[in-house]
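The next block holds one structure in the form of structure tokens; read it before the comments.
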Amino acid sequence: MQIQDTLESSWDKLSEKLSSWVDTVVLNLPNLLIAIVVFIIFYWLSGQTDNFINRLLKKRIKQPSIRGLVAKILSVIILFLGLILGLSVMNLDDALNTILASAGVAGLAVSLALQGTLSNTLSGFYLALNDVIKVGNWVETNGFSGEVMEITLRNTKVKEADNNIVVIPNKQIVENPFKNYALTSRIRTTITCGVAYDSNLREVKKIAIDAIEATFPPNKDEEIEMYFNEFGDSSINFMLRFWVDATKNLTAIQVKSEAIMTLKEAFDKHGIDIPFPIRTLIQKQN
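And the structure:
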């Protein structure tokens, strides 16, 4: 008899609890439906945002990986806002506070664990959103020089003149000085050479400037400069400075090579010697 009373009491409590749950669900059914509709709307907005951001940033950011990540982050933020709004509609403030607190703790833990990776990723965003460096530019950074082949979220790939690929973390590029030859349309190049002591220096200067001007035409406000600056052991040395078009993606080595060939051909044509040191050996005979 006692067991039967206990079972009946337990069943009454369970029935009462289930009944209260049903009443709660029925009472909050409108809010539940509204919350579901809100989440569906935000889910749809999330998908539309992904496509819209990809199209919007296509011209601004050339790297698909960075565009995709930006779009995905914004989509997740919209979904999270939809979840928060849905829980608020259902008056689940305690659950909402728990989710926000857990998200904050998880975000802090992840940021500490991936500090280096996040730093490189943020640097990748900076490089992508600013025009300081682009794919195809010729740059010098962190002791390396070459053409930028790819900018990813974590690193930048640079192809050197010898065809070696250098992978540089984005953080190092952002935090250290670097030279980008594509930021200006014109750059100045300097070469040095020497002529024999018996040369007519004024004639040498005119011939050299005319030859360089024909190969690398200056703009109206630019000037080819040539200065004799040293009495060397076997030659009078000079420095020649001229402007070149940086948009043609010529490397400094290519420009100097072309300039040296131009000067050598011009000097040979006019009989101007470029001397080299001569050493005389004297052998004594017994």
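Numbering (the working numbering), first residue to last: -13 to 272. Here a beta-carbon is modelled for each residue, glycine too, at the ideal position from N, C-alpha and C. Predicted, not measured: the structure shown is a model, and the values here were computed from it.
First and last residue of the uninterrupted alpha helix (DSSP H) at residue 248
238 to 255
Secondary structure, beta strand (DSSP E): runs of 3+ residues fully inside the region 96 to 140:
124 to 127 and 130 to 137
Touching by the beta-carbon criterion (3+ pairs, under 8 Å), the region 182 to 191 and the region 141 to 153:
no
Can you tell me whether residue 150 is buried or exposed, with buried defined as 16 or more other CB within 10 angstroms of its CB?
exposed
Could you check whether residue 154 and residue 110 sit closer than 8 Å to each other, using their CB atoms as the reference points?
no
Counting C-beta neighbours from all protein chains within 10 Å, is the total for residue 119 16 or more, i.e. buried, or is it exposed?
buried
Could you tell me the distance, in whole angstroms, from the CA atom of residue 183 to the CA atom of residue 261?
9 Å
Rounded separation between residue 164 and residue 126 - CA only:
6 Å
Look at the alpha carbon of residue 215 and the alpha carbon of residue 42, and state the distance between them as a whole number of angstroms.
56 Å
Contact set for residue 60: own chain, Cβ-Cβ below 7 Å, skip 5 residues either direction:
35 and 39
For residue 231, the first and last residue of its enclosing alpha helix (DSSP H):
Segment 222 to 231 is the beta strand (DSSP E) holding residue 231; no alpha helix (DSSP H) there.
Consult DSSP for residue 28 and reduce its assignment to one of helix, strand or coil.
helix
Going by beta-carbon coordinates alone, are residue 31 and residue 70 separated by less than 8 Å?
no
Can you check the region 132 to 195 for any alpha helix (DSSP H) of at least 4 residues that lies completely inside it and give the ranges in chain order?
156 to 161
Can you name, in chain order, every residue of its own chain whose Cβ lies under 8 Å from the Cβ of residue 263, other than the five neighbours on each side?
219 and 220
Using DSSP with H/G/I as helix, E/B as strand and the rest coil, what is residue 270?
coil
By alpha-carbon positions, which one of 181, 207, 130 and 66 ends up nearest to residue 226?
181
Relative to the C-alpha of residue 256, which candidate in 240, 171 and 186 has its C-alpha closest?
186
Helix, strand or coil for residue 217? Go by DSSP, reduced to three states.
strand
Determine whether the beta carbon atoms of residue 231 and residue 172 lie at a separation below 8 Å.
yes
Cβ neighbour criterion (16 or more within 10 Å) applied to residue 159:
buried
Hey, would you say residue 113 sits closer than 8 Å to residue 197, going by beta carbons?
no
Which of the three DSSP states is assigned to residue 199 in this structure?
helix
Less than 7 Å between C-beta atoms, sequence neighbours within five positions excluded: which residues of the same chain meet that for residue 29?
65 and 68
Strictly by DSSP, which residues pair up with residue 211?
227
Residue of 108, 156, 242 and 19 minimising C-alpha distance to residue 202:
242
When the Cα of residue 229 is compared with those of 152, 178, 129 and 174, which residue comes out closest?
174
Rounded separation between residue 54 and residue 148 - CA only
33 Å
With DSSP as the reference, label residue 60 as helix, strand or coil.
helix
Does DSSP put residue 37 in a helix, a strand or coil?
helix
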